Amino acid sequence: MTAATMTAGTPGSASKSEAGPRTLFDKLWDAHVVVERPSGDALIWIDRHFVHEGSFHAFAQVAGRDGVVVEPGLTFGIADHYVPTRGRDHIANPEIARMIDDLEANTARHDVTLFGLNDPRQGIVHVVGPEQGLTLPGLTMVCGDSHTSTHGAFGAYAFGIGASEVAHVLMTQTLWQKKPRRMRITIDGTPAPGVGAKDFILSIIARIGADGARGYAVEYAGETVRALSMAGRMTMCNMSIEAGARCGLIAPDETTFGWIAGKPYAPKGAALEAAIAAWRQLPSDAGAVFDREITLDAGAIAPIVTWGTSPEDALPIGASVPDPATLADDGRAAAMRDALAYMGLQPGQKLSEIAVDRVFIGSCTNARIEDLRAAASVLAGRKARVPGLVSPGSSQVKRQAEEEGLDRIFIAAGLEWVESGCSMCVGMNGDSVPSGERCASTTNRNFRGRQGPGARTHLMSPAMVAAAAVTGHLTDVRPMLEGRS
Amino acid sequence: MKPLTGVSGPACPLGLAGVDTDQLIPARFMKRPRSEGYGGFLLHDLRRDEAGVETPDFPLNRPVWRGAEIIVARRNFGSGSSREAAVYALADHGVRVVLAPTFGDIFASNAVKNGLLPAALDEADIEDLLAALTATPDLPVSVDLAEQTVAWGNRAVTFAIDPVWREQLLNGWDDIDVTRSFAGEITRFREADGARRPWARPSAKA
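If you're matching them up, the sequences are chains A and B in order. Residue 5 is where the first sequence starts when you use this note's numbering, and the numbers rise one by one after that. Residue -15 is where the second sequence starts when you use this note's numbering, and the numbers rise one by one after that.
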């Protein structure tokens, strides 16, 4: 591994993959290669980097090397993983208080901008980045969080990294990356009312498996994807990691440009015009070749819920809990029995008869204003039979929801309306599901213990979680939407 | 980073598929400084009951496999969260090699940066090895990184590893030192790119 065995890339000039039609991913890759190795991996330039409380391991590595942050203007700190969603004035748990203090100290020491606990811009990294115009088409974006794939919704190459890589970015503004293969998932057709991005992505994961996209950059395309709002696009790209993908991508278009215009850190005026002209060159060329192609008909997709302990354990709400006895593979049958035992479910039980103990509406997957509106449209004028927590994706989303009166709908239904953070999705801040309890959740992972030791999680869309809150069991939301906007 | 050439000794047949990083280390332990050691948190909630007492029949709790430097698991090991703490838990417990058919992308990258080898074996070889370890728990297993082989009994099979990662593990190389040797290239890229994509930097705050 010496300089002699590598070739330097020249920004903007021809590299070997530029010879023919290129995919969106190829264009993003080619534009960021600093140095290529013969083995096919490359040192790539990182345009945007987010750190959060969990990044303390990386800052410790920087300190251990007496390192400096070489591009403090390209890293932004955001408090989200450990922030309390109630009682922010005094944090009772000293360990949690220390996590938040450490982020403040580390970002201050290295001159990195922080959206801290009491900043009006605070929220979940993957909601705040886009909201502040830090997420743009054509960028490489990283964060020590696997759901960084969210930002791919704008046509950015965005992926999660570990602490050592966070330290590497802080000290060099680059990363060594292997070029992934390219997959395109095309969705055409018109979905039924009440069916949307969360149902699409859960359907995809169920079909290809939790490692079905491992080693791939996945581009979502087709008329159904083009028709999605930025919020829906972010939900799909967010959960790409649950299929094992390196990243999710959606080509930028007028929806993207319209969304970006006016955001605080986005280019403005003539600079924005020039940027949009460059971004229009990003979509995959006609004739670009993908290593794998998958197609889906949106019209055939029903609301989806998970029944097991992996996001691939997902079925339409009209289905029943699967039976391990029908599986030919002994290993898979044993894994399914374990999952059902953990979840407290019986084979053949109707999914719509599974009673829930509580609901959670939140997370980087589904807590944007559109998600809160979808849940509120089901809950308006109705009461929840079970307790639940609603944590908006950002403090800005919270203010907007309050201006629209959504908070009053959630509170009138009996749910708790709290501050923004990762909250009950990952259970780090003290918001958790008690052992043995079952939660209908708008989040991204139904792993064992994800929402707390012994917690049982069912993933679904915000509208479906709202429906479960009203009926007290997993429910098809579609009939509940009749006569509502 | 400590170089890794190979490991020989007992191998713990974990047998589970889709061991995500939330299982490898539950989130609630990640507030602790690394200097306290993360080994005790490895697979915490699978190894212990709700009272925190070890479940005697969990493979990693059995005396023959407690100190194993090799773990054998089924597909998609280390999927999910990017938490490098999952690798810290394995490394601090003394694990140096994980054998599985496939690994989570981010986990595998984190592993190599901490001197832990994620060796991808054919699914059939993993099944054979799991069966052999079930039949003979103290069966010695040898992993040779230079040769990319795993041997047990009279079997020897090859495994896949990215060639750059292999070099890095064998030599104990550190990414940052390598990258810094390209400081000139990085500076030239930065300058050319700034002219080519002026919109890529955050605009001054509105």
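Beta carbons: idealized from backbone N, C-alpha and C, even for Gly. No experiment lies behind these values; they were computed from the predicted model shown.
- Nearest to Ala75/B by alpha-carbon distance, out of Arg32/B, Leu123/B, Gly24/B, is Gly24/B.
- Between Ser439/A and chain B, the shortest Cβ-Cβ separation is below 9 Å.
- Inter-segment contact for the region 33 to 50 of chain A and the region 90 to 97 of chain A is absent: fewer than three beta-carbon pairs are separated by less than 8 Å.
- At a cut-off of 9 Å between C-beta atoms, Asn60/B counts as an interface residue with respect to chain A.
- The Cβ of Gly58/A sits closer than 9 Å to at least one Cβ of chain B.
- Closest by C-alpha distance to Phe63/A, out of Leu107/A, Val74/A, Arg125/A, is Leu107/A.
- In the structure shown, Ser59/A falls within a helical segment according to DSSP collapsed to helix, strand and coil.
- Neighbourhood of Lys97/B in chain A, by CB distance below 8 Å: Gly166, Ser168, Glu169, in chain order.
- Selection Ala130/B, Ala70/B, Ile90/B, Asp158/B evaluated against Thr152/A yields Ile90/B as nearest (Cα-Cα).
- The beta carbon of Ser445/A does not come within 9 Å of any beta carbon belonging to chain B, so the residue lies off that interface.
- Three or more Cβ pairs closer than 8 Å define a contact, and the region 317 to 337 of chain A falls short of that threshold against the region 220 to 234 of chain A.
- A distance below 7 Å between beta-carbons, with the five flanking residues on each side excluded, links Gly137/A to the following residues of its chain, in chain order: Ile264, Lys267, Pro268, Tyr269, Ala270.
- As a beta-bridge residue in DSSP terms, Glu38/B pairs with Arg32/B.
- Beta-carbon to beta-carbon, Gly198/A and Leu485/A are separated by about 5 Å, close enough to satisfy the 8 Å threshold.
- Note that the C-beta distance between Ala292/A and Gly81/A is not below 9 Å.
- In this structure, the alpha-carbon of Thr313/A lies about 6 Å from that of Arg452/A.
- Cβ contact annotation for Ala290/A (same chain, cutoff 7 Å, sequence separation greater than five): Pro25, in chain order.
- Nearest CB-CB separation between Gly64/B and chain A: below the 9 Å threshold.
- Three or more beta-carbon pairs separated by less than 8 Å are not found between the region 238 to 256 of chain A and the region 342 to 357 of chain A, which leaves the two stretches without contact.
- Beta-bridge pairing by DSSP links Glu297/A to Arg188/A.
- In its chain, beyond the 5 residues on either side, Ser21, Ala46, Ile48, Tyr161, Lys183 have a beta carbon closer than 8 Å to the beta carbon of Trp33/A.
- Sequence-distant Cβ neighbours of Pro351/A in its own chain, meaning closer than 6 Å and more than five residues away, are Val325, Asp327.
- A straight line joining the alpha-carbon of Val162/B with that of Ala473/A spans about 54 Å.
- The region 362 to 402 of chain A contains, as complete alpha helix (DSSP H) runs of 4+ residues, the segments 373 to 383 (chain order).
- Counting along the chain, Arg237/A sits inside the alpha helix (DSSP H) bounded by residues 234 to 242.
- Chain B has a Cβ within less than 9 Å of the Cβ of Trp180/A.
- Counting only Cβ-Cβ distances below 7 Å, Lys272/A has contacts in chain B at Ser187, in chain order.
- Residue burial annotation: Ser439/A is exposed, with fewer than 16 other C-beta atoms found within 10 angstroms of its C-beta.
- The beta-carbon of Tyr86/A is placed less than 9 Å from the nearest beta-carbon of chain B.
- Taking 9 Å as the threshold, the shortest C-beta distance from Gly2/B to chain A falls below it.
- At a cut-off of 9 Å between C-beta atoms, Tyr224/A does not count as an interface residue with respect to chain B.
- Straight across, the Cα-Cα distance linking Leu(-12)/B with Trp157/B is about 10 Å.
- Proximity of Leu140/A to chain B, defined by a Cβ-Cβ separation below 9 Å, is satisfied.
- Nearest Cα to Pro396/A within the set Arg386/A, Val422/A, Ala416/A: Val422/A.
- Under DSSP, Leu253/A shares a beta bridge with Glu223/A.
- Around Thr299/A, the same chain offers Ile189, Thr190, Ile191, Asp192, Gly226 as residues with beta carbons nearer than 8 Å, after the five sequence neighbours per side are excluded.
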